[in-house]
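So the structure is just underneath, and the comments pick up after that.
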Amino acid sequence: MRWIMFTAAAAALLSACSKPAEAPAGQPHVVAANDIEAGRYLVMVGSCNDCHTEGFPQAGGNIPEAERLTGRAIGYLGPWGVSYATNLRLLAQSTTEDGWVEILRSKPLLPPMPTQNISKMTEKDLRAIYRYIHSLGEAGQPEPDNLPPGVEPRTPVENLVPVPPRA
Ligand code: HEC
Numbered sequence: 001m002r003w004i005m006f007t008a009a010a011a012a013l014l015s016a017c018s019k020p021a022e023a024p025a026g027q028p029h030v031v032a033a034n035d036i037e038a039g040r041y042l043v044m045v046g047s048c049n050d051c052h053t054e055g056f057p058q059a060g061g062n063i064p065e066a067e068r069l070t071g072r073a074i075g076y077l078g079p080w081g082v083s084y085a086t087n088l089r090l091l092a093q094s095t096t097e098d099g100w101v102e103i104l105r106s107k108p109l110l111p112p113m114p115t116q117n118i119s120k121m122t123e124k125d126l127r128a129i130y131r132y133i134h135s136l137g138e139a140g141q142p143e144p145d146n147l148p149p150g151v152e153p154r155t156p157v158e159n160l161v162p163v164p165p166r167a
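Position 103 (the sequence shown) corresponds to 103 in the working numbering; numbering is contiguous.
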């Protein structure tokens, strides 16, 4: 009897350890002093700068915050045509917080924007990201317009089409 109780307790302990604690529905996943701090953290771990800030990965992230998230004039070429990472600093000023949530929840966005991943963020997370980017103010120029397949780009592009081996 004792042994059974012991194994049951051990099993309960093991199963508790095997999965990460889930945040309650609707709660932010991030504990931060305020929404802007949470947003700053989510933008960093969500890799938003890698595409929305020119040269961010190449600079090892050493780009002043005031200059980040202004979009890229280097396009992403694929079967979808050419997509340009949006200037989020301008977007955050021209869109309401609700509009921002709506965009990230349901606007069809071209690759390589990680829509599937971001749509799984809680609404609070999306609002925290908006508040952070909004707090940075307006900066930069609008990104070039996306191009449909077959239209020759007038900017440099990163080719995301797989290249077969030469031999
Ligand atoms: C791998 C590259 C990549 C990453 C990482 C990325 N984005 Fe994007 N994002 C893009 C591209 C490209 C577009 C343009 C898509 C289009 O025009 O359809 C875009 C579009 C958007 C838009 C829509 C703008 C509009 O025109 O309505 C928002 C908002 C956005 N990104 C926010 C984010 C946030 C927030 C993160 C981080 C959590 C992020 N992105 C991470 C590449 C990326």
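We put the beta carbon where it would ideally sit given N, CA and C, even for glycine.
Do the stretch 147-167 and the stretch 121-133 meet, that is, are 3 or more Cβ pairs less than 8 angstroms apart? no
In the DSSP assignment, find the unbroken beta strand (DSSP E) run with residue 78 in it and report its ends. 75-78
What are the boundary residues of the beta strand (DSSP E) that residue 81 is part of? 81-83
Do residue 136 and residue 89 come within 9 angstroms of each other at the CB atom, strictly closer than that value? yes
Which residues DSSP lists as bridging residue 90, in chain order: For residue 90, which the question treats as bridged, DSSP gives no partner whatsoever.
If you count every other CB in all the chains shown that lies within 10 Å of the CB of residue 45, and 16 or more means buried, which is it? exposed
For residue 33 and residue 143, the rounded distance between their alpha carbons: 33 angstroms
Can you tell me whether residue 136 sits near the ligand HEC, meaning its C-beta is under 8 angstroms from at least one heavy atom of the ligand? no
Hey, would you say residue 105 sits closer than 9 angstroms to residue 119, going by beta carbons? yes
Can you check DSSP and say which residues form a bridge with residue 159? 77
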